[in-house]
Every structure is written in structure tokens, then in C-alpha cells.
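K.L.:
In the working numbering, the protein residues as written are 1490 to 1815. Every residue, glycine too, gets a C-beta built ideally from N, C-alpha and C.
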Ligand SMILES: NC(=O)c1ccc[n+]([C@@H]2O[C@H](COP(=O)([O-])OP(=O)(O)OC[C@H]3O[C@@H](n4cnc5c(N)ncnc54)[C@H](O)[C@@H]3O)[C@@H](O)[C@H]2O)c1
């Protein structure tokens, strides 16, 4: 099986590469990444690879893992790289909600135009499947746990960009018979996330730098935290079972409040004789969703996947990784 991963040097991409590089069925992995959020730092600790810093130098070879520094906006390159590829896992995106509010057009260009380059290339080159990393952000403020069938009503340009591509995936399956699987991730955390601006990374960095932990609002708002190891096992299952058009929630279905999260981190750090800095509450962030989780019942039934790692264990593994990589 030959797999191309866009954005494969990022957080989820690195965790996925670690998993795929152990699979005998996976004969070839091509990663394309523009290094806007990442570098070769994580992959250097994961596996051997052939690296092309200029896409024009790329030649097909026998290396199991190839990394090409390039942008998904380059359509000609997308057509060339997806030739003879079985599955495309599309992770590259401008993934910040705040960034999409600051610069909506840039978010649209990367997340919609850039994605279309790979969806269209998958169609033209007759790929066996296209796996799209979507998000619970397509739902906006619906009541959790949100089911796959809920009405999609995003409240950020990021959510709207994911929704546009979800719609194109559905159309490409219906009209062109391209197998497309939409995976809506909840809030992911885990190894290889040093560069992220997510809440767990931000808290851990503040703890290391002995800076106050600041919570927007009263800390009672909730998120559905999914450990990246579990999430990547779901991506692999989705690759193997990619047929027709499917939407799966890759999540835990459970809500954890920010206050609870801080308590859990306090417990883990205290066991390592590290005292947590002061926690301060700031004003609510405008547009922040208060309660959030994605239902997993459809995924359990159809994809036969469920998350295995408890938040306590996942957090411990994440913090251990941060401690040895800071
Ligand atoms: N992390 C989460 O909690 C989460 C939740 C829901 C959905 N997602 C989605 O999962 C995907 C992966 O997220 P992540 O957390 O690994 O993000 P990340 O930022 O760590 O990884 C994205 C990678 O894409 C690369 N990239 C960005 N723009 C590019 C471009 N124009 N051309 C080529 N490469 C480009 C970046 O350099 C980075 O390595 C994204 O599509 C994101 O929207 C993530």
C-alpha cells in the first residue's frame, strides 16, 4: 500500500508516521509539508527517510519514506506526487480557529483551494481513497455529544473551510465514485505537539517556564480530548476500510472541563515533584464554544474503533514526552 500524507510533519502526521512505519502492508509513504508549522525535528526521532528540499528534484525511488518540502497550493506537483498512490491522507491545513478569524482568506486558500488540489488529483489519478481530516468545528454550538448526522453550522472560517471540503468529498464520491472518508477529530493531544497552540501544550509550556496558567472564563467549559495514538489507529482503520463516502467522529464522546484538566495535570506534575504555578481566570474568549464532545456510537459500530487511552494515562504519556523533549 502506498500512502501520501499532506502536512505529515505536523503533530498528527508525526504520530501517524510512527504508526504507519511499523505496518508491513505499508510499502511507501510520501510526505509533503511546507514547514510552515513544523520541521524535520520530530521525524528525525521516528524513522529513516529520503528528503527533498526542492520539489523539482523529487524522483520516485525505493525509499520507504520520502519527505518533500512543498506547498499543497502547487497543483501540478499534487498531480505528479499522487500518481500511483493508493491512499491520500490529507492533514495539511491552517488549523487555528483564531488564525482563521484573523486571516479568513488565507485560511480559505490553504484549507479549501489547497485541499481541492489533492482531492482533484486523487480523482484524476484514480486513488483508492481520500481521507480528510475534518473537525467538530463544523457543528458550531450544537448540543453535545454531537452525532454525525447533526446539522452543520460552523461559527468560524476554519469550521466553514472544513465544511466546504466535507461537501466536496461527498460530491466526489457521489459523482466520480472516489472513495472519501471524512474524519472529524475532537481536541487531539499527545506526543509531537510542542509547536501547537492547543490548551494542553500551552499549559505544559507555562508550567515548565513557571508562568501563570491562564484560563479563559470560569474553567467550566468542556472539551473532548482524544489521545493522538488512539486517533492515528482510527486513521489507519479508515484507510483500510475506505469505501464510498463515510463520516466518522474520532473522539471519546466524553466532556472534560478545563478545571478538571488542570487538576489532572496538577496531580501528574506533583507526582514528579513539580509544583504548578498559579492558575488565573481571564475573561471569556468571544466565540468560544462552552460545551463540546463528539458522539462515537456510529464510529464504534461502523469503523469498529473506540479510543483506548484514558485521559489520565494519555496526559501522563504526553507530559513524560514533553519532559524528555523540552
Ligand atoms: N490537532 C487537533 O486537535 C485537530 C482537531 C481537529 C482537526 N484537526 C485537523 O487535523 C489536521 C492536522 O492537524 P495537526 O494538529 O497535526 O496540525 P499541525 O499544524 O501540527 O500540522 C499541519 C501540518 O501541515 C503543514 N502545512 C500547513 N499548511 C501547508 C501548506 N499550505 N502546504 C503544505 N503543508 C502545509 C504544516 O507545516 C504542519 O506540518 C489539520 O487538518 C487540522 O485541521 C486537528
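1. Express the C-alpha separation of residue 1579 and residue 1742 in angstroms, rounding to a whole number.
2. Per DSSP, what kind of secondary structure is residue 1650 in: helix, strand or coil?
3. Which residue wins for smallest C-alpha separation from residue 1849, given the options 1624, 1526, 1668?
4. Rounded to whole angstroms, what is the Cα-Cα separation between residue 1629 and residue 1622?
5. Please report the distance separating the alpha-carbon of residue 1590 from that of residue 1643.
6. What span of residues does the alpha helix (DSSP H) with residue 1596 cover, start to end?
7. So is residue 1673 buried or exposed if we call it buried at 16+ other beta carbons inside 10 Å?
8. From the DSSP secondary-structure annotation, give me the bridge partner or partners of residue 1672.
9. Name the two residues that bound the continuous alpha helix (DSSP H) containing residue 1725.
10. Report yes or no: do three or more beta-carbon pairs, one from the region 1602 to 1619 and one from the region 1569 to 1587, lie closer than 8 Å?
11. What is the DSSP secondary structure of residue 1604, counted as helix, strand or coil?
12. Under the DSSP definition of a beta bridge, which residues are partnered with residue 1809?
13. Under 7 Å, do residue 1716 and residue 1648 count as touching if we go by C-beta distance?
14. Taking the beta strand (DSSP E) that residue 1493 belongs to, which residues open and close that run?
15. Is the closest heavy atom of ligand 1 to the C-beta of residue 1674 under 6 Å?
P.N.:
Let me spell this out:
1. Distance between the alpha carbons of residue 1742 and residue 1579 is about 24 Å.
2. Correct three-state label for residue 1650: helix.
3. Outside the displayed span of the chain (1490 to 1815) sits residue 1849, for which this structure offers no information.
4. Their Cα atoms are separated by approximately 17 Å.
5. When rounded, the distance between both Cα atoms is 12 Å.
6. Its alpha helix (DSSP H) spans residues 1593 to 1597.
7. Label assigned to residue 1673: buried.
8. According to DSSP, residue 1672 bridges with 1622, 1737.
9. Start and end: 1717 to 1729.
10. Taking a contact to require three or more Cβ pairs closer than 8 Å, the region 1602 to 1619 and the region 1569 to 1587 qualify as touching.
11. Looking at residue 1604 - three-state DSSP - the assignment turns out to be helix.
12. Paired residue(s): none; residue 1809 is not in a bridge.
13. The beta carbons of residue 1716 and residue 1648 sit no closer together than 7 Å.
14. 1491 to 1495 is the extent of the beta strand (DSSP E) around residue 1493.
15. The beta carbon of residue 1674 sits closer than 6 Å to at least one heavy atom of ligand 1.
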